[in-house]
Amino acid sequence: MDNSNRIVPPHLNAEIYRTDTTGTTTLSYLDYIKIHSDGSVLVGSSELTGRYWNGGVSVYKSIAEAQSIKTEDKRSISLCSGTADGCFIGSSNKLLICEDSGAVSVWVKNGDQQSAWSQWREDLSVAEHDNAVLAVDCLEPERLYATAGADGNVKVWDINDMICIRNYSAAHSMIVNAIAVKPKSAHSFATGSMDQYVTLWDENTDKAVLDIMKNDCSIYCLAWLDENRLAVGDEAGVLHLIDIRNTESKMKIAEFPAAVHKLVVHPDSDKVAVCCDNKIVTVCKVEENCEPKIIYHDRHMHSNYVRGAAWDIEDKNTLHTVGWNGELKSHSISLD
Numbered sequence: 001m002d003n004s005n006r007i008v009p010p011h012l013n014a015e016i017y018r019t020d021t022t023g024t025t026t027l028s029y030l031d032y033i034k035i036h037s038d039g040s041v042l043v044g045s046s047e048l049t050g051r052y053w054n055g056g057v058s059v060y061k062s063i064a065e066a067q068s069i070k071t072e073d074k075r076s077i078s079l080c081s082g083t084a085d086g087c088f089i090g091s092s093n094k095l096l097i098c099e100d101s102g103a104v105s106v107w108v109k110n111g112d113q114q115s116a117w118s119q120w121r122e123d124l125s126v127a128e129h130d131n132a133v134l135a136v137d138c139l140e141p142e143r144l145y146a147t148a149g150a151d152g153n154v155k156v157w158d159i160n161d162m163i164c165i166r167n168y169s170a171a172h173s174m175i176v177n178a179i180a181v182k183p184k185s186a187h188s189f190a191t192g193s194m195d196q197y198v199t200l201w202d203e204n205t206d207k208a209v210l211d212i213m214k215n216d217c218s219i220y221c222l223a224w225l226d227e228n229r230l231a232v233g234d235e236a237g238v239l240h241l242i243d244i245r246n247t248e249s250k251m252k253i254a255e256f257p258a259a260v261h262k263l264v265v266h267p268d269s270d271k272v273a274v275c276c277d278n279k280i281v282t283v284c285k286v287e288e289n290c291e292p293k294i295i296y297h298d299r300h301m302h303s304n305y306v307r308g309a310a311w312d313i314e315d316k317n318t319l320h321t322v323g324w325n326g327e328l329k330s331h332s333i334s335l336d
């Protein structure tokens, strides 16, 4: 009988790894989408399979160009780690990227370079988070940005010099999944964590202002509807609505069959786009003093998890989503 436990000589085993190098194909696991006021589109992606943990960012001139995404196309920026969030800084020629390595980096477009291999350059980069940077939001445009990390820390950055001006060490006892700056405020923001707390912070103070909510499971995402109402998505698939003027008045907006991953509020109405850990895209209508209701539900356009969403800047009835199927989809939604 042959011995199935035959020992492979080490030098032959190593040969396999020497020839196993990173390919030139791009990443199809799209994680987020942001749309600039000039129509430019930022799409971030991660590759979490195999021996490598890479990521990339693509910037397109328009939604029409972004919809031509193909898995073999080269990314505008290639990263040596995944990216969970990012945003435009002022113009569409400057980006702030959150990396799974713990780095926060600023990228600038090379105006005098036409080569596809040198369109963007890394201007500043600092790795002060001890784990992946999972979320970013803007406190003061082009200057102050707040980040949340898997290390449980929350940091406020002056990105002109890439200096952390406020470090909330151990802001939460577990991973901080979400951060959301309060509308019409340059100082206040909320964070949500796997420690089940939603907490309100003020950039001018070094301690939490208020624990808005203590949930019975992990918090995955946050989004402000206005200065007082905050939508909260959790691991159990429940979408909550909290009025910070009375934190005891928690309302259940909807309940989904999977964890709520992303919330995106319509800029001109009380509509909230919801992406869960599945293929479904949902839009809820959450008017003040009215019963919340679901006005849109789609489970067919994406063939894998939906990860990011953004409302169109021109057609207010259109929602754009990206997911792990590597495609950007557009949804026509009646807001009446």
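Quick note on the UniProt record's numbering: the sequence shown kicks off at 1 and runs consecutively.
Each residue gets a CB set at the ideal place from its N, CA and C atoms; glycine is no exception.
How would you label residue i, buried or exposed, when you count the other beta carbons within 10 angstroms and need 16 or more for buried?
i           : result
residue 101 : buried
residue 90  : exposed
residue 26  : Any reading at residue 26 needs caution, since the residue's pLDDT is 49, under 50, leaving its predicted position unreliable; the model's value is listed next. Residue 26 comes out buried.
residue 323 : buried
residue 155 : buried
residue 182 : buried
residue 205 : exposed
residue 111 : exposed
residue 245 : exposed
residue 307 : buried
residue 226 : exposed
residue 194 : buried
residue 151 : buried
residue 163 : exposed
residue 165 : exposed
residue 68  : exposed
residue 127 : exposed
residue 168 : buried
residue 146 : buried
residue 118 : exposed
In its own chain, which residues sit with a C-beta less than 8 angstroms from the C-beta of residue i, not counting the 5 before and 5 after it?
i           : result
residue 311 : 35, 264, 266, 267, 273, 318, 319, 320
residue 37  : 313
residue 220 : 177, 178, 192, 233, 234, 235, 259, 260, 261
residue 86  : 32, 34, 42, 44, 57, 95, 96, 97, 98, 136
residue 292 : 241, 251, 253, 254, 284, 285, 286
residue 216 : 196, 236
residue 39  : 61, 62, 63, 313, 314
residue 125 : 103, 104, 105, 106, 162
residue 129 : 102, 103, 104, 147, 149, 150, 151, 153, 155
Residues in the same chain with beta-carbon distance under 7 angstroms from residue i, minus the five sequence neighbours each way, listed in chain order, please.
i           : result
residue 214 : 196, 197
residue 180 : 137, 189, 190, 222, 223, 224
residue 211 : 197, 199
residue 123 : 106, 107, 108
residue 143 : 158, 159, 160
residue 209 : 200, 201, 202
residue 174 : 152, 193, 194, 195
residue 277 : 258, 259, 261, 305
residue 141 : 90
residue 218 : 194, 196, 234, 235
Taking residue i and residue j to be in contact with their CB atoms under 8 angstroms, please state how far apart those CB atoms are, rounded to whole angstroms.
i           : j           : result
residue 28  : residue 326 : 3 angstroms
residue 139 : residue 171 : With 8 angstroms as the limit, residue 139 and residue 171 do not qualify as a contact, their Cβ atoms being about 15 angstroms apart.
residue 297 : residue 329 : Actually they do not touch by this definition, with Cβ atoms about 14 angstroms apart.
residue 239 : residue 253 : 4 angstroms
residue 46  : residue 55  : 5 angstroms
residue 81  : residue 53  : 6 angstroms
residue 237 : residue 255 : 6 angstroms
residue 120 : residue 92  : That pair is no contact at about 12 angstroms.
residue 132 : residue 84  : 6 angstroms
Apart from the five residues on each side of it in sequence, which residues of its chain come closer than 6 angstroms, Cβ to Cβ, to residue i?
i           : result
residue 280 : 299
residue 148 : 134, 135, 154, 176, 179, 191
residue 228 : 243, 244, 245
residue 283 : 271, 273, 295, 296, 333
residue 60  : 41, 66
residue 275 : 261, 262, 306, 309
Check whether chain C comes within 8 angstroms of residue i, counting only Cβ atoms and requiring the distance to be less than that.
i           : result
residue 123 : Judged by its chain identifiers, the structure shown contains no chain C, having just a single protein chain.
Runs of alpha helix (DSSP H) wholly within the UniProt repeat "WD" (169 to 211) (minimum 4 residues, chain order): None, since the UniProt repeat "WD" (169 to 211) contains no complete alpha helix (DSSP H) of that length.
Any beta strand (DSSP E) of 3 or more consecutive residues that is wholly inside the stretch 34 to 79: Those beta strand (DSSP E) runs which fall completely within the stretch 34 to 79 and span 3+ residues are 41 to 47, 54 to 60, 77 to 79.
Runs of beta strand (DSSP E) lying entirely within the stretch 129 to 162, each at least 3 residues, in chain order: Fully enclosed beta strand (DSSP E) runs of 3 or longer: 133 to 140, 144 to 149, 154 to 158.
Complete beta strand (DSSP E) runs within the stretch 224 to 287 (minimum length 3 residues, chain order): Fully enclosed beta strand (DSSP E) runs of 3 or longer: 229 to 234, 238 to 243, 246 to 255, 260 to 265, 271 to 276, 281 to 285.
Minimum length 3: unbroken beta strand (DSSP E) runs contained in the stretch 305 to 334: Taking only runs of at least 3 residues, the beta strand (DSSP E) segments lying wholly in the stretch 305 to 334 are 306 to 311, 318 to 323, 328 to 332.
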